[in-house]
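All remarks here apply to the structure that follows.
Protein chains in written order, with my numbering: chain E, 1 to 278; chain A, 1 to 306.
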């Protein structure tokens, strides 16, 4: 990818804002869960779909496209918003998110949704599939890269660690794992439920080239993603420190917003806060 | 069957460079020729069946045809959700191959008895389920699942099963093969009990009872027309499988007869009770224990015929 300029970063920040706005509106209309999980990854998605990923909305099946797998499939609202903003399908589809008869289900769904290669929702699946894709790319000599975005909660899954072992052994330096480390999982904080600390050191010990970043600093995210692979011959891992519910003060760091959808009043307050209005 | 499978995979891999063999660290003495001939198309993922299936799905999503190999219950039950979501939901060209169907690993203990695999695999959308009856069917089935565009489960016995088909067969997925004909009864079998079924039919024939023998090598999609023809044209249907009596061949045939039959056919499913074996034992020993030896199958059929 050509070096991104500050104007591109500005564009990505604006994209992140639009993704957040969509997510809040979608979860409100749908009365659906996981708004906090979608907001914590909005800046990561904005960097990816705002210029890092080599994808073409006009050709979603382009064989040499970069692959993006949202292994934390419950962040579907944010991914659909990012895909719509990137032109894979009309933004009007977002209004039908989670509704009867819609193709946009509450977890990432590939059937009938341009730009989605892999359906997810059961945790701990995405990194293995990404390993297979990256291995195929390596052995075929194809230029595409594979990006897998994981939640911290799914680092509890044994299958995740099977894949974490596999990728360095096969020197998959075309594979990037990004962990949305918002530190809250289903029934409490990660520290309370099943502590992952020190998470970056674990990936490092398994053979990955690891960077820890602020997952809301778009400039920092982009600079890291431009350095892929961090080391030739090793898969790259970005441990992105994030805040669940990021961007809406009354949702930030609150387990409640893993489940609850904003009501009309909360939606208005959230949107006003995003716009910078009091 | 194992030898026939690996010989056939080698042959088709020579002509189709999409073919890959991925193993979960099993196949000592049998995967090596493939690994040496096609090192770029062989992967050993280690003892990690969830990753075996996930990696295979990812490879298939990038255009490969993947044989994912392991034994017993490891490539099916251990990683069932990966099979359902990553392979079947995405119609990925992953061909799961398990050596050790039924009691093939009998002496290794109940953990190694693959006696519910057909039921579980048969329930999955998009999955084609094949249990060949001898090395001849194994070769045909291996070629057929490689060509089929979506997910398949190939359940094999082990090494050294006898060839049952003495002449060339016209093999198609989803189409039962007839080995004997008669009107007294139909013996429908799947997997490695084919030889038993033929021996039983020959002994019945010696006593003047002519049995039709159908090898139902494909359990999904099931050859419903062959079942219905047997119900119309013969007087009794007996199913024979080295698998739990729940959810396998007997259940599949019963389902067809209940939905589409005229309700008059006599039907006797023979298989393994839904229970764990309490003893170690060879495949032959355990077959005898559960009434699946030729002698006991013959005895049961004669009782039913009276």
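We put the CB at the ideal spot given by N, CA and C, even for glycine.
Alpha carbon to alpha carbon, what distance is there between residue 142 of chain E and residue 55 of chain A?
The count along the second chain starts at 1 and reaches residue 55 of chain A at position 55. The count along the first chain starts at 1 and reaches residue 142 of chain E at position 142. So the alpha carbons of these two residues sit roughly 17 Å apart.
Could you check if residue 36 of chain A is buried or exposed, using at least 16 other CB atoms within 10 Å of its CB as the buried criterion?
Within the second chain, residue 36 of chain A is the residue found at index 36, counting from 1. Around the Cβ of residue 36 of chain A, a 10 Å sphere holds fewer than 16 other Cβ atoms; the residue is exposed.
Rounded straight-line distance, which links the Cα of residue 284 of chain A to that of residue 242 of chain A:
Locating residue 242 of chain A in the second chain gives position 242, counting from the first residue. Locating residue 284 of chain A in the second chain gives position 284, counting from the first residue. Going by the C-alpha atoms only, they are around 11 Å apart.
Per-residue burial, residue 111 of chain A [other beta carbons within 10 Å of its own, 16 or more giving buried]:
Position 111 of the second chain, counted from the first residue, corresponds to residue 111 of chain A. Label assigned to residue 111 of chain A: exposed.
Residue 221 of chain A - DSSP class collapsed to helix/strand/coil
Counting from one through the second chain, the residue named residue 221 of chain A turns up at place 221. Here residue 221 of chain A sits in coil by DSSP.
Taking residue 168 of chain E as the reference, which of A:295, A:293 and A:45 has the closest Cα?
For the purposes of this step, residue 168 of chain E is taken as residue 168 along the first chain, with counting starting at 1. Out of A:295, A:293 and A:45, A:45 has the C-alpha closest to the C-alpha of residue 168 of chain E.
Please state whether DSSP places residue 67 of chain E in a helix, a strand or coil.
Taking the first residue of the first chain as 1, we reach residue 67 of chain E at position 67. Per DSSP, reduced to three states, the secondary structure at residue 67 of chain E is strand.
Chain B contact for residue 173 of chain E (CB, 8 Å cutoff):
No chain B is present in this structure, whose protein chains are E and A.
With a floor of 4 residues, list each alpha helix (DSSP H) that falls wholly inside the stretch 93-148 of chain A, ordered by position along the chain.
Runs found: 117-122 and 135-147.
How is residue 107 of chain E classed by DSSP in three states: helix, strand or coil?
Locating residue 107 of chain E in the first chain gives position 107, counting from the first residue. Three-state result, residue 107 of chain E: coil.
Residues, ordered as in the chain, of the stretch 64-86 of chain A that lie near chain E by beta-carbon distance below 7 Å:
64, 81, 82, 85 and 86
Would you identify the three-state DSSP class for residue 85 of chain A, choosing helix, strand or coil?
The residue you call residue 85 of chain A lines up with position 85 of the second chain. If DSSP states are grouped into helix, strand and coil, residue 85 of chain A belongs with the helices.
Report the start-end ranges of each beta strand (DSSP E) in the stretch 168-228 of chain A that is 3 residues or longer and not cut off at the edges.
177-180, 185-189, 211-215 and 218-220
How is residue 265 of chain A classed by DSSP in three states: helix, strand or coil?
Taking the second chain and counting its residues from 1, one reaches residue 265 of chain A at position 265. It is coil, neither helix nor strand.
I need the straight-line Cα distance from residue 247 of chain E to residue 186 of chain E, nearest angstrom please.
Counted from its first residue, the first chain places residue 247 of chain E at position 247. Counted from its first residue, the first chain places residue 186 of chain E at position 186. Those two C-alpha atoms are separated by around 20 Å.
Measure from the C-beta of residue 61 of chain A to each C-beta in chain E and report whether the shortest distance is under 8 Å.
Within the second chain, numbered from 1, the residue matching residue 61 of chain A stands at position 61. Chain E contact via Cβ: present.
Presumed contact (8 Å Cβ cut-off) between residue 25 of chain E and residue 35 of chain E, rounded CB distance:
Stepping through the first chain from its first residue, residue 25 of chain E is reached at position 25. Stepping through the first chain from its first residue, residue 35 of chain E is reached at position 35. So it is not a contact: roughly 10 Å between Cβ atoms.
Helix, strand or coil: how does DSSP classify residue 175 of chain E here?
As a working mapping, residue 175 of chain E is identified with position 175 in the first chain. DSSP places residue 175 of chain E within a strand segment (E or B) once states are collapsed to three.
Does any CB atom of chain E fall closer than 8 Å to the CB of residue 19 of chain A?
Along the second chain, read from residue 1 onward, the residue named residue 19 of chain A stands at position 19. Chain E contact via Cβ: absent.
Taking its Cβ as the centre, do 16 or more other Cβ atoms sit within 10 Å of residue 42 of chain E, making it buried, or is it exposed?
Here the question's residue 42 of chain E lines up with position 42 in the first chain. By the 10 Å Cβ count, residue 42 of chain E comes out buried.
Would residue 154 of chain E and residue 123 of chain E be called neighbours here (beta carbons separated by less than 8 Å)?
For the purposes of this step, residue 154 of chain E is identified with residue 154 of the first chain, where counting begins at 1. For the purposes of this step, residue 123 of chain E is identified with residue 123 of the first chain, where counting begins at 1. Against a cut-off of 8 Å, the Cβ pair of residue 123 of chain E and residue 154 of chain E comes out as a contact.
Pick out the complete alpha helix (DSSP H) segments inside the stretch 27-83 of chain A, 4 residues or longer, and give them in chain order.
32-37 and 49-61
What is the rounded straight-line gap between the Cα of residue 294 of chain A and the Cα of residue 186 of chain A?
For the purposes of this step, residue 294 of chain A is taken as residue 294 along the second chain, with counting starting at 1. For the purposes of this step, residue 186 of chain A is taken as residue 186 along the second chain, with counting starting at 1. Straight-line Cα distance between these residues: approximately 16 Å.
Taking Cβ positions only, does residue 159 of chain E come closer than 8 Å to chain A?
Indexing the first chain from 1 puts residue 159 of chain E at position 159. Contact of residue 159 of chain E with chain A is assigned, a C-beta pair being separated by under 8 Å.
Local Cβ density within 10 Å of residue 31 of chain E, reported as buried at 16 or more and exposed below that
Taking the first residue of the first chain as position 1, residue 31 of chain E is located at position 31. By the Cβ neighbour-count rule, residue 31 of chain E is exposed, with fewer than 16 other Cβ atoms within 10 Å of its own.
Ranges of the alpha helix (DSSP H) found wholly within the stretch 9-87 of chain E, counting only runs of at least 4
35-40, 42-47 and 76-85
Note down, in chain order, each residue of its chain lying with its Cβ closer than 7 Å to the Cβ of residue 197 of chain A, except the 5 sequence neighbours on either side.
Indexing the second chain from 1 puts residue 197 of chain A at position 197. Cβ within range, chain order: 187, 189, 213 and 240.
Proximal chain A residues relative to residue 106 of chain E, where beta-carbon distance stays under 8 Å
On the first chain, position 106 is the one that residue 106 of chain E refers to. Near residue 106 of chain E there are no residues of chain A at all, since even the closest Cβ is about 15 Å away, more than 8 Å.
Taking the continuous beta strand (DSSP E) assigned at residue 20 of chain A, which residues delimit it?
In the second chain, the residue the question calls residue 20 of chain A occupies position 20. It spans 19-23 - the beta strand (DSSP E) in which residue 20 of chain A sits, taken as one unbroken run.
Does DSSP put residue 10 of chain A in a helix, a strand or coil?
Position 10 of the second chain, counting from 1, holds the residue named residue 10 of chain A. Residue 10 of chain A falls in the helix class under three-state DSSP.
Within a Cβ cutoff of 6 Å, which residues of the same chain sit near residue 218 of chain A, ignoring the five residues on either side of it in sequence?
Looking up residue 218 of chain A in the second chain gives position 218. Scanning its chain for C-beta atoms nearer than 6 Å, with the 5 sequence neighbours on each side dropped, one finds around residue 218 of chain A the residues 130, 173 and 174, in chain order.
Identify whether residue 140 of chain E lies in helix, strand or coil by the three-state DSSP scheme.
Here residue 140 of chain E refers to the residue found at position 140 of the first chain. Residue 140 of chain E carries a helical assignment under DSSP once its states are collapsed to helix, strand and coil.
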